[in-house]
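In order, the protein sequence lines correspond to chains A and B. Residue numbers for the first sequence follow this note's numbering, so the first one is 33 and each next one is one higher. Residue numbers for the second sequence follow this note's numbering, so the first one is 72 and each next one is one higher. Positions of the beta carbon are idealized from the N, C-alpha and C atoms, including for glycine. Structure first, then comments.
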Amino acid sequence: MIWLDTIVQGVLLGGLYALFAAGLSLVFGIMRLVNLAHGDLIVLAAFLILVLVTALGLNPFLAALVALPIMFVAGWLLQFFVFNRTLGDDILPPLLVTFGLSIVIQNGLLETFSADSRRIGTGALANQSVSLGGVHVGLMPLLTFLSAIAVIVALNQLFYRTALGRAFRATSDDAVTAGLMGVEPKRLFATATGIAMIVVTIAALYLGTRANFDPSIGPARLIYAFEAVIIGGLGSFWGTLFGGMIIGVAQTFGAAFNPAWQILAGHIAFLLVLLVRPRGLFPRAVD
Amino acid sequence: MALLETIGLTAFYSDFQALYGVDIALDAGETIAIIGANGAGKTTLMRSIAGALANEAGMIRFEGEPIGNLPAPRIVERGIAMVPEGRKLFPSLTVEENLLMGAYRRKGKGEWTLDTVYELFPVLRERRRQASTSLSGGQQQMVAIGRALMSNPRLLLCDEISLGLAPVVIRDIYAAFPKIRQGGASVVVVEQDIGQALKVASRVYCLMEGRVTLTGAPQELSRDAIRDAYFGAAA
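Shown next as structure tokens:
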């Protein structure tokens, strides 16, 4: 039974990693932009929720709801005025600019909130659990996982069932021809990053309620997110969820053997998948 | 008043000048053809009109208004749609999704809908769920034309739509043109196939090295005059 328990906890943890990764996957899929500040943006959103919770006394879920439009607008502006200027044939400028942004966000948060680690309190919810076929799972991890599935389903619907999603895919194929259809790529990209920031805010809610966070932890979240995207295969949202689950299960198994092995086990699982399937498990994009 | 007019249109690719003062005019309901050899500036002219290439505002007028400096999305809104050279379908979209992309900016009703495009090219209805890349060249060209029509343009720009297609397929595609004109669109076709251009157009412009070297109604133009305008005078 301990095995089953470990697997279930790992899968639920994978939901959190999928939430970290989904926004990254969305932005990369549409505009081939690798956002190195993605993890720091999650931490930034977590601090925003924390401020809303402490200053206004809001429930964390309500605070996240308030943070969603703020982060959408922030993402829109960031893309429109900063990232769009870096896009082109050369892949280096976006890497440098987002790397710089990562440092700016970390130090800005450090100045504002100090290096103390914080946590968003969820009150009684934090300790509640439900029984699933003999395995007890925490309510918050379960909510995290269900939210991840909801986000993946929503992104897939958006991508494959709406005019906006069609425009995303068409622009990703050929921005000049999409322009002839009336698409304005810069505005479309801004909308995409805004949507990615909505996912980031959802991820931040669960990051901040699950464990302590401080301004420096963004890059580590970015690595888990990257690994989930790469394992899943570029351009596939379900692949990203699956990739997150593989990392999560590997980490909980590693931790079950020896707590020191938790992080290492996730990275080893990542490398093993890459050895067997260099393009990930469910690749969609050709490049 | 002409529907579309270019007035001394010049166009550049950084330092390279591709058009040296091109004047063309097109009335509503008319079909004109632009012919010329490779590198004559035909595609540059189309890209300039469609807004893919920026020009001085007053060099291109549509319904009397200067549009030369507008970007492509603004041009589509005004009612000019382009079938780009090489078709340029979106490979990750199905046939129907490609058609729907053409209606991205569209507001209100018009002659062209998915249904009327499928009536124009019935084979596309059977293939509408397929990836656009799985179609034959001729069918892909039909998708590209249908996609442009979906914006209900008043002016349709067709860049080299017969390129790389078998003569029988080209005939099928041009057979759709009377219906396109009935739908209310004026048409500019760019062609290397001079025979086809002379058949479909009421007036022909021949370009060479970025200049108009000949213009007139097809029946007025002798083969020798066209050859000289196309390749340069033999003398």
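With 8 Å as the threshold, decide whether the Cβ of residue 212 (chain A) is near any Cβ in chain B. yes
Using a Cβ-Cβ cutoff of 8 Å, what residues of the stretch 207 to 236 of chain A are near chain B? List them in chain order. 208, 209, 210, 211, 212, 213, 214, 215, 216
Taking three-plus beta-carbon pairs below 8 Å as touching, is the stretch 223 to 235 of chain B in contact with the stretch 149 to 158 of chain B? yes
For residue 36 (chain A), which three-state DSSP category applies? helix
Under 7 Å from the C-beta of residue 198 (chain A): neighbouring residues of chain B: 164, 168, 171, 172
Short CB-CB distance (under 8 Å) between residue 205 (chain A) and chain B: yes
Please work out which residues of its chain come closer than 6 Å, Cβ to Cβ, to residue 230 (chain A), disregarding the five sequence neighbours upstream and downstream, and give them in chain order. 100, 104
List, in chain order, every chain A residue whose beta-carbon is nearer than 8 Å to that of residue 161 (chain B). 201, 202, 205, 206, 209, 210
Keeping to the same chain, check which residues put their C-beta closer than 6 Å to that of residue 301 (chain A); ignore five residues upstream and five downstream. 278, 282
Would you identify the three-state DSSP class for residue 97 (chain B), choosing helix, strand or coil? strand
Helix, strand or coil at residue 90 (chain A) [DSSP, three-state]: coil
When you compare only the Cα positions, how much space is there between residue 309 (chain A) and residue 147 (chain A)? 40 Å
Count the other C-beta atoms from every protein chain shown that fall within 10 angstroms of the C-beta of residue 192 (chain A), then say buried if there are 16 or more, exposed otherwise. exposed
When you measure from the CB of residue 62 (chain A) to every non-hydrogen atom of the ligand PLP, does any distance come out below 7 Å? The ligand PLP is absent from the structure shown, which contains no ligands of any kind.
Name, in chain order, the residues that DSSP records as bridge partners for residue 277 (chain A). Paired residues: none, contrary to the question.
Mind checking whether residue 215 (chain A) and residue 228 (chain A) have CB atoms under 8 Å apart? no
If contact is defined by three or more beta carbon pairs under 8 Å, each pair taking one atom from either stretch, is the stretch 73 to 85 of chain A in contact with the stretch 249 to 259 of chain A? yes
At 7 Å on the CB atoms, spell out the chain A contacts of residue 143 (chain B), in chain order. 211, 212
Residue 267 (chain B) in three-state terms, based on DSSP: helix
Can you tell which of B:246, B:260, B:78, B:127 has the C-alpha that lies nearest to the C-alpha of residue 234 (chain B)? B:260
Tell me, which residues are paired with residue 136 (chain B) by DSSP? B:133
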